[in-house]
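What follows is a single structure, written as structure tokens, with notes after it.
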Amino acid sequence: MTIMTLLPEILLLLLALVILGLDLIPPEKRRASLGWLTAAGLGGILAAHLLGGAASASGPATVHADALAFFFRALFLLGAMITVLISIDSEGVGRHGEYYALLLFSTIGLCLMAAAADLIMLALAIEMAAMPLYILAGFLNRNSRSTEAGVKYFLFGATASAVMWYGFSLLYGFTGQTDLSAAAVALAEADPAVILAAAVPILAGLGFKVAMVPFHFWAPDVYEGAPTPVAAFLSTAVKAAGFAVLLRILLAVFPPASASYWGLLISLLSAVTMTLGNLLAMVQKNIKRLLAYSSIAHAGYALIGLVTLLPEGLAATAFYLLTYLFANLAAFAVVTLVANAAGGDDVSALAGLSRRSPAAALAMLVALLSLAGMPPLAGFAGKVFLFASAVEARLIWLAAFGAANSVLALYYYLTVIKSVYLHRGEHEQAAFPFPGAAALALAACTAGILVLGIAASPWFEAALRAVRPLFPG
Amino acid sequence: MLMTSFPLLSLLVFLPAASAAALLLFPAGRVRAIRVFALMTAALALALSAAAYFSYDLQAGGYQWEEAIPWIPRWGIGYHVGVNGISLPLVLLTGIVMFTGVLVSWGIDDRPREFFAFLFLLATGVFGVFVSLDLFQLFFFYEIAVFPMYLLIALWGWPKTREYAAMKLTLYLFLGSMVALVGALALVFSSGQVSFDLPALEAAAFPVELQRIVFPFVFLGFAVLGGLFPFHNWSPDGHVAAPTAVSMFHAGVLMKLGAFAALRVGILLMPEGARFHMPWILILALVNVLYGALIAMVQTDFKYVIGFSSVSHMGLVMLGFASLNAEGLLGASLQMFSHGVMTALFFAVVGMVYDRTHTREISALGGLARRMPLAALAFIVGALVSMGMPGLSGFVAEFPVLLGVWQSSPAAAAAAALGIIITAAYILLVVRRVFFGPISAEHERAVSRITFKDSFALLFLMIFLVGMGVYPAWIAPLVESGVRPILKILGN
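Residue numbers (the numbering used here), protein chains in the order written: chain A, 40 to 512; chain B, 8 to 499.
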């Protein structure tokens, strides 16, 4: 283990400290530049991370900078960078140095989650990521909805963590190991009851992170109340981190031979999650709540690849999370813009957007159609890969469930698109502030959506390399 | 022959999409420039599709202008295009409808930039499906062809029903494509070697049992877009709510897309499944023909008549498929082209009438032949085509269909012929009520002559209907060359 193993975390910490220090210097009006600095810093860290490449796992360690960690760290850094760009001109958060510092601290935790190879390290990483998020969700402390979101997220999160730790302690009790690979060896011959006893609480805790039914209740309220960029971050990077841990724990600790016990459980949860998420999204009037339920549904889709237990399936999940990151961040970016310009989070606030700002409307169209899984956008490739891997694993019923759900989802995405393009708004002639940072974020997301959709192959191969370490031999 | 390395088909597929992207860069106010640019694109696409059509080497046969590059090798997915006797007429048809569609859309003044951009994106999807030789790629373009429809109908359609019709159409078609997708995936992954290449899949000869299970999902999933009963319900509502050019595209080309994909993926990959299930599909197609015609008969809305006539005529295409013999498949393919041009013509005329009278109630219309003689003539030509009058394209297409169906079931052929008689009844009734008889004073005064561009579009469409009827040799041998390999796969 060299210093390179923790390079992103170390650089993130330095960046966060620099931002905190600089926060004291300029007057409040000039502090938007802190956001630009954070975004640039994150870009630099991402570049350094990508140049550094993945290390091959060697021997027991608390942190593995393996291919899986490499892929997900890059994803988190990207997600954090775009979130920062969205935040810069968002009211109430963009000019606070501590906001950016908290976001960076949380990103450190996410990066460690993807790399942790030890139960204790993992538990610490999860809390490291979660604590700043509790504050961020309630960051608008004059706004009762935001404070409610913060408290709610904290209470649910703390409970979920407690349950998960209980699972960790059971795992330790059964195996006498905190190292994940050593625990896997000890579990190889274990009784199915033992495996389920440890797996279910862990699954519950991670299910909270990824907003999987029945651990999803927090999501709509928290997304609605939290500052929009924080909701964007929660729904993309944090969800992906939950999946990164799920991939590692389920594959590395609970031997695939025991999958017949938890495999069926997760495939049922996947089907229920996407269906419930989509059905509830249909009746939402508030765009942030709608996106919250849609994000629950997307967790359901992403689970499809997980239960195939095939390298292609897990890669499909990882790839899907990347496509979803771009699309959802773009959608939330437009929601932030509209909230600033029209002052509301209701779907009806989007009315007339295509006349007021054709560019923002087009970005929203691309984002929503990608979420719906329409070609030539990223979501289409992502969904086809997921369904194909399910069919390959003889889970045709699950693929059919996913396909049927895509139709449900298309309905509510189209209702939003209808607002954007068809309905007339009251303020169509009013100016629409479209700041440079948001434009940059939207351009990056749209480009990502198109590239992943049209030239999916290299990115899918990257995802496949990421999950390879989970399949030894 | 021509340089075979020239990427003619790729150019054709991506030209409209590139033009759509370029259109979005125009300032919204430059309406005239936008229209001219759109027309130039459409003319170029027509020229490219004609070039592909007329350069086809009948002696060589098979797929021509092929291009193949790996796309997502991990899943055995490639970008693979090529055209043969079945797809070429449809490619040409798309070029024709795109060109005339832009001509008749000259008057659109609400966000014309976005209108043409979405229309062209749709065109890319349609061209893409017709030239696809890879299953993933086929779905890719299929859905690109579906979702712009939503925006085109919801934004520029008839205000009364557009939101409902657009949503219904999109969800129906998307559901169909999803059902077909899962079915197709089940097929692809049944063999150990995963490949989405269509010629390779044709050669794979899937187990008979599997073919019998999967075939209905794939065939019906696509047949939704082909308007097969009882999944046709989205189609008349969609036709009626759509703006003129979109109705033309929708009935003229898009429904062929469904039929084509049902043939391409359903019948060609699962010949045994097709043989097993065709008896009841024949019955459904028959219901299409008769039920569509009967419903068209009782419509009071001019556009709904044409909408249901499309359902009825697409039934003949499905009937031809269901016969699974040389005549039936030949007729079905010819009917796709003939009906595509004919229905584009119909919808163009309906649009011109509506733009001038602001009503589509047949009872409120009458005597319009006096004010718009060319439109009346065009509509009558279309009417004669739809009745299968010899000397016009309808006869060339419908006669082989009936011959083919006769071989597999004489009773079905007799019933289908009855459908043609009903067609004659309702279409002639409409001709009389709309174009002849007394004209209301208001219309006498207010209805203006049709524009030069409209006239040109109508004449252009008529050329193909008459040309195919008088001189079928420019299309029939080509289609026959495309049918032959299908018969080989079917084993008769």
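Note that CB positions come from ideal geometry on N, CA and C, so glycine has one too.
With DSSP as the reference, label Pro77 (chain B) as helix, strand or coil. Reduced to three states, the DSSP call for Pro77 (chain B) is strand.
Terminal residues of the continuous beta strand (DSSP E) containing Gly85 (chain B)? Ile84 to Val90 is the extent of the beta strand (DSSP E) around Gly85 (chain B).
Alpha carbon of Ala369 (chain A) to alpha carbon of Arg491 (chain B), nearest angstrom: The straight-line gap from Cα to Cα measures roughly 50 Å.
Using a threshold of 8 Å, state whether the C-beta atoms of Ala152 (chain B) and Leu188 (chain B) are closer than that. For the pair Ala152 (chain B) and Leu188 (chain B), the CB atoms are not nearer than the 8 Å cut-off.
Span of the alpha helix (DSSP H) holding Gln342 (chain B)? That run of the alpha helix (DSSP H) goes Ala333 to Thr364.
Taking any Cβ of chain B, which residues in the region 449 to 462 of chain A have a Cβ under 9 Å from it, in chain order? Here the close residues are Leu449, Tyr450, Leu453, Thr454, Ile456, Lys457, Tyr460 and Leu461.
Alpha helix (DSSP H) segment containing Val132 (chain A), residue limits: In the DSSP assignment, Val132 (chain A) falls outside any alpha helix (DSSP H) and carries neither an H nor an E.
Can you find a C-beta in chain B that's less than 8 Å from the C-beta of Ile435 (chain A)? At least one beta carbon of chain B lies nearer than 8 Å to the beta carbon of Ile435 (chain A).
Taking the continuous alpha helix (DSSP H) assigned at Thr186 (chain A), which residues delimit it? It spans Ser183 to Thr214 - the alpha helix (DSSP H) in which Thr186 (chain A) sits, taken as one unbroken run.
Glu467 (chain A) CB to nearest chain B CB: under 8 Å? Not one chain B Cβ lies under 8 Å of Glu467 (chain A).
According to DSSP, which residues form a beta bridge with Ala155 (chain A)? According to DSSP, which records beta bridges pairwise, Ala155 (chain A) is partnered with A:Val102.
Determine whether the beta carbon atoms of Leu235 (chain B) and Ala292 (chain B) lie at a separation below 8 Å. Yes. Within cutoff.
Is DSSP giving Asp204 (chain B) helix, strand or coil here? Strand at Asp204 (chain B).
Own chain, CB closer than 7 Å to Trp257 (chain A), minus 5 neighbours either side, in chain order: Cβ neighbours of Trp257 (chain A) beyond the five flanking positions: Lys191, Tyr192 and Phe195.
Contacts around Ala229 (chain A), its chain only, beta-carbon distance under 7 Å, and the 5 residues preceding and following it disregarded: Around Ala229 (chain A): Phe213.
Please list the partners that Tyr86 (chain B) has in chain C, where partner means a Cβ-to-Cβ separation under 8 Å. Among the protein chains of the structure shown, namely A and B, there is no chain C.
Touching or not, the region 315 to 334 of chain A and the region 364 to 379 of chain A, by the rule of three or more beta carbon pairs under 8 Å? The region 315 to 334 of chain A vs the region 364 to 379 of chain A: in contact.
Name, please, each residue of chain A whose Cβ falls closer than 8 Å to the Cβ of Glu150 (chain B). Ordered by position in chain A, the residues that pass the 8 Å Cβ test against Glu150 (chain B) are Met413, Pro414 and Phe419.
Report the residue ranges of all alpha helix (DSSP H) runs contained in full by the region 286 to 332 of chain B; include only those spanning at least 4 residues, in chain order. Runs of the alpha helix (DSSP H) inside the region 286 to 332 of chain B: 309 to 330.
Within 8 Å, do at least three Cβ pairs link the region 159 to 167 of chain B to the region 134 to 146 of chain B? The region 134 to 146 of chain B is not in contact with the region 159 to 167 of chain B.
Can you tell me which of the three DSSP states Ser447 (chain B) falls into? Three-state DSSP puts Ser447 (chain B) in coil, outside helix and strand.
Are the region 268 to 281 of chain B and the region 408 to 415 of chain B touching, with three or more C-beta to C-beta distances below 8 Å? With a cut-off of 8 Å, the region 408 to 415 of chain B and the region 268 to 281 of chain B do not count as touching, because too few Cβ pairs lie within range.
Can you check which of these residues, A:Leu124, A:Glu48 and A:Ile58, is closest to His88 (chain A) by C-alpha distance? Of A:Leu124, A:Glu48 and A:Ile58, the residue nearest in Cα terms is A:Glu48.
Member of B:Pro286, B:Ala248 and B:Ser202 whose CA lies at the smallest distance from the CA of Pro223 (chain B): It is B:Pro286.
Those residues which DSSP pairs with Glu368 (chain B) across a bridge: In the DSSP output, where bridge partners are listed per residue, Glu368 (chain B) has B:Asp308.
In the DSSP assignment, find the unbroken alpha helix (DSSP H) run with Leu235 (chain B) in it and report its ends. That residue, Leu235 (chain B), is in no alpha helix (DSSP H); it is neither H nor E in DSSP.
Can you list, in chain order, the residues of the region 152 to 164 of chain B whose Cβ is nearer than 7 Å to any Cβ on chain A? Correct list: Phe154, Tyr157, Leu158, Ala161 and Leu162.
8 Å Cβ cutoff, Ser31 (chain A) in contact with chain B: Not covered by the structure: residue 31 (chain A). The range shown for chain A is 40 to 512.
Residues bridged to Gln71 (chain B) by DSSP? DSSP lists B:Val90 as partners of Gln71 (chain B).
Please name the residue, chosen from B:Trp241, B:Trp78, B:Ser184 and B:Gly228, that lies closest to Ile160 (chain B) on a Cα-to-Cα basis. The shortest C-alpha to C-alpha distance from Ile160 (chain B) to any of B:Trp241, B:Trp78, B:Ser184 and B:Gly228 is the one to B:Trp241.
Alpha carbon to alpha carbon, how far is Lys278 (chain A) from Glu431 (chain A)? Give it in angstroms, no decimals. The straight-line gap from Cα to Cα measures roughly 26 Å.
Residues in the same chain with beta-carbon distance under 8 Å from Leu410 (chain A), minus the five sequence neighbours each way, listed in chain order, please. For Leu410 (chain A), where only same-chain residues beyond five positions count, the Cβ hits under 8 Å are Ser333, His337, Tyr363, Ala366, Asn367, Ala370, Gly418, Ala448 and Tyr452.
Indicate whether Leu81 (chain A) and Leu116 (chain A) have their beta-carbon atoms separated by less than 8 Å. Against a cut-off of 8 Å, the Cβ pair of Leu116 (chain A) and Leu81 (chain A) comes out as a contact.
What is the DSSP secondary structure of Asn444 (chain A), reduced to helix, strand or coil? Helix at Asn444 (chain A).
My guess is that Leu210 (chain A) and Leu143 (chain A) are in contact by the Cβ rule of under 8 Å, so how many angstroms apart are they, rounded? In this structure, Leu210 (chain A) and Leu143 (chain A) do not form a Cβ contact; the two beta carbons are roughly 31 Å apart against a cut-off of 8 Å.
Under 8 Å between the Cβ atoms of Pro266 (chain A) and Ser129 (chain A)? In this structure, Pro266 (chain A) places its C-beta atom within 8 Å of the C-beta atom of Ser129 (chain A).
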